[in-house]
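In my numbering, the protein residues as written are 5 to 187.
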């Protein structure tokens, strides 16, 4: 009887061990995707422009040629802890204005890249010392790197007709700052 009990117990253990394995198994993988907020200006970043004096009395200054040599590139991975579809914006400002002069920047259509690249503002932005939107509704995306990628920036320079009397002969330098910011 002992032999039979032992044999039944042994067979029972074997069946129990066999029942633990199936034709399917699984495991978990934790994937970390970092938050990213990077911005870069491509092309010759620092440049000079010069108004030219009129050659005919009674005429205004001649405006310099627009500068189209710079490209704005960005990469963004947003954090969505609350499930509210966060977005970012690219803002632009000057460190100081030049009395009697408007400096405007017009962002071009976004070229290259993938993802939620954002929405370009529809008209030229007259630069001031306050942040202003240049690109809005940026989600997780990248524009690719280099010139001819991202948004081409067109700078224009014009005297403000109503403030023409504020212009003085000088060579001021201003700094334009772009910021990729959470909304």
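Built from N, CA and C at the ideal position, the CB exists for glycine as well.
Taking 8 Å as the cut-off, does the stretch 60 to 70 touch the stretch 80 to 95 (at least 3 CB pairs, one atom from each stretch)? no
Between which two residues does the beta strand (DSSP E) holding residue 161 run? Translated into positions along the chain shown, residue 161 becomes position 157. Its beta strand (DSSP E) spans residues 155 to 163.
Report the residue from 38, 119, 167 whose alpha carbon sits nearest the alpha carbon of residue 104. Within the chain shown, numbered from 1, the residue matching residue 104 stands at position 100. Among 38, 119, 167, the Cα nearest to that of residue 104 is on 167.
Can you tell me whether residue 109 is buried or exposed? The criterion is at least 16 other CB atoms within 10 Å of its CB, across all chains shown. As a working note, residue 109 is residue 105 in the chain shown. Counting Cβ neighbours within 10 Å, residue 109 comes out buried, since at least 16 surround it.
Is the beta carbon of residue 183 less than 9 Å from the beta carbon of residue 43? Against the chain shown, residue 183 aligns to sequence position 179. Against the chain shown, residue 43 aligns to sequence position 39. Yes, these two residues count as a Cβ contact at 9 Å.
Quick check on residue 167: does DSSP put it in helix, strand or coil? Looking up residue 167 in the chain shown gives position 163. The answer is helix: DSSP assigns residue 167 an H, G or I state.
Find the nearest neighbour of residue 165 within the set 67, 139, 138, judged by alpha-carbon distance. If you number the chain shown from 1, residue 165 lands on position 161. The shortest Cα separation from residue 165 among 67, 139, 138 belongs to 67.
Residue 60 by DSSP, collapsed to three states: which one? By one-based count along the chain shown, residue 60 stands at place 56. Residue 60: coil per DSSP, three-state reduction.
Let me check understanding here. Comparing Cα to Cα, which of 118, 102, 123, 149 lies closest to residue 111? One-based indexing of the chain shown puts residue 111 at position 107. The residue with the shortest Cα to Cα distance from residue 111 is 123.
Once the 5 residues before and after residue 83 are set aside, which same chain residues still bring their CB inside 8 Å of it? For the purposes of this step, residue 83 is taken as the residue at position 79 of the chain shown. Excluding residues within five positions, the ones whose Cβ falls inside 8 Å are 39, 90.
Below 6 Å CB to CB, which residues in the same chain sit around residue 36 once its five sequence neighbours on both sides are set aside? Against the chain shown, residue 36 aligns to sequence position 32. No residues qualify anywhere along the chain.
Three-state secondary structure (DSSP) of residue 24: Residue numbering aside, residue 24 sits at position 20 when the chain shown is read from its first letter. Residue 24 falls in the helix class under three-state DSSP.
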